[in-house]
Every structure is written in structure tokens, then in C-alpha cells.
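The numbering used here numbers the first residue of the sequence shown as -6 and each following residue consecutively. Yeah, the Cβ is synthetic: ideal placement off N, Cα and C, and Gly gets one too.
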Amino acid sequence: MDNAIAERRNAPRYPLVLAAEVVELPRGVKLSARTSDLSRTGCYIDTLNPVPQGSQVRVRITHRQDIFEAVALVVYVSARLGMGVYFTQITAQQQATLDKWLNESGEEY
């Protein structure tokens, strides 16, 4: 990973592999994917067909009975591997859901 990207992170990452659905806005192109890591501010989405850097997306992540959904910005792309997204619009309720998952995982890196 590029050191500049690593240095910009402002929240610890947790190695959580969760089911994810990504919708590219405003086109509506939908991808089924999974997370490989998650933080309070974003996540990495594993997908063979990442959307272009700078795109706005809606991310929906499910874990057990809970659903987290947020608008995010694609901040970097790894061709044929995935993309890093930064959550730009998140409600207090969604933040609480995310915090609960991160606290349960306990495996920060």
C-alpha cells in the first residue's frame, strides 16, 4: 500500500470480512462484494471490478442481523483487486452500528 494513503488514515482498521453491496451514484451500477477491513471512517472493498477513483457510492454492509449503510467516496483503486472508500455521509445510528461491530472484533491493526 502507498505510504501516503496509510499516513492519511485517521482511524484504526479492523480485519472484518463482511458481505457488502456497492452502488455507484448516480448511475446505479450495483456490485456485490465484501469488505476486507473496516474502520470508523471507511473500508476496503474486495471486488474484481472497482469503480473509478473519485466516484461517489452507496455502501451497504451486513453483519448478522445488522445493516450499515452510508454514502462514500472512492479514494483509491487497486485494479482487479478492490477499492478503498471513505464514508462521507453517515447517521449517528449507523455510526453506532459500525462502532458495535468494531468493538466486538477487537483486532485492530
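Note to self: On the criterion of 16 or more Cβ atoms from any shown chain inside 10 Å, does residue 8 qualify as buried, or is it exposed?
What the structure shows: The sequence position of residue 8 within the sequence shown is 15, counting from 1. So residue 8 counts as exposed.
Next item on the list: Given a cut-off of 7 Å, decide if residue 70 and residue 35 are closer than it, judged by their beta-carbon atoms.
Entry: Indexing the sequence shown from 1 puts residue 35 at position 42. Indexing the sequence shown from 1 puts residue 70 at position 77. Contact flag unset, no.
Checklist line | residue 86 versus residue 32 - alpha carbon distance | finding: Walking along the sequence shown from the start, residue 86 turns up at place 93. Walking along the sequence shown from the start, residue 32 turns up at place 39. Computed Cα separation, rounded: 16 Å.
Check: Considering only residues of the same chain and omitting the five flanking positions on each side of residue 82, which have a CB-CB separation below 7 Å?
Finding: Within the sequence shown, residue 82 is the residue found at index 89, counting from 1. Correct list, in chain order: 63 and 64.
Check: For residue 117 versus residue 50, is the C-beta spacing smaller than 7 Å?
Finding: Summary: the structure shown does not reach residue 117, with the chain confined to residues -6 through 102, and so no result is reported for it.
Checklist line | Contact under 7 Å by Cβ, residue 48 with residue 67 | finding: Translated into positions along the sequence shown, residue 48 becomes position 55. Translated into positions along the sequence shown, residue 67 becomes position 74. Yes. Within cutoff.
Checklist line | Classification of residue 40 by the beta-carbon crowding that lies within 10 angstroms, buried from 16 upward | finding: Translated into the one-based positions of the sequence shown, residue 40 becomes position 47. It counts as buried.
Next item on the list: Kindly indicate which three-state DSSP category residue 74 falls into: helix, strand or coil?
Entry: Position 81 of the sequence shown, counting from 1, holds the residue named residue 74. Residue 74 falls in the coil class under three-state DSSP.
Check: Which runs of the beta strand (DSSP E) fall wholly inside the stretch 23 to 81 and span at least 3 residues, in chain order?
Finding: 35 to 39, 49 to 56 and 59 to 71, all fully within the stretch 23 to 81.
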